[in-house]
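One structure below.
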Amino acid sequence: MRMTRIVSDAVRAVGYDPARRVLRVQFHSGDSYDYFDVDPDLYARMLQPHPWREVGQQVLHHRFRQHYD
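As structure tokens, this is what we get:
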């Protein structure tokens, strides 16, 4: 999955697999999570500066698992 660095206090980078509708979020802490059944619109909003402030709660409503490289 291709990751895109973003401007954020909490999030380092995000990626999206449209075929599987999986959003991957890498936090500055080093942890990465895959969020499932995410709409492409929510991914697009995650590409904006400081997205976690705006849509973090929406992302957290999705089923997720920690991602290990």
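The working numbering numbers the first residue of the sequence shown as 3 and each following residue consecutively.
Where is the CB? At the ideal position from N, CA and C, for every residue including glycine.
Values in this document were obtained by computation on a predicted structure and should not be read as measured data.
Check                                                             : Outcome
Pairwise C-alpha distance: Y18 and D47                            : Reading off the sequence shown, one finds Arg at residue 47, where the question assumed Asp. Each residue's Cα considered, the two are about 12 Å apart.
Where A12 falls: helix, strand or coil (DSSP)                     : coil
Local conformation of Y45 per DSSP, three classes                 : helix
CB of V57 within 8 Å of CB of L25, strictly                       : no
C-alpha gap between T6 and P51, whole angstroms                   : 12 Å
Three-state class that DSSP yields for R65 in the structure shown : coil
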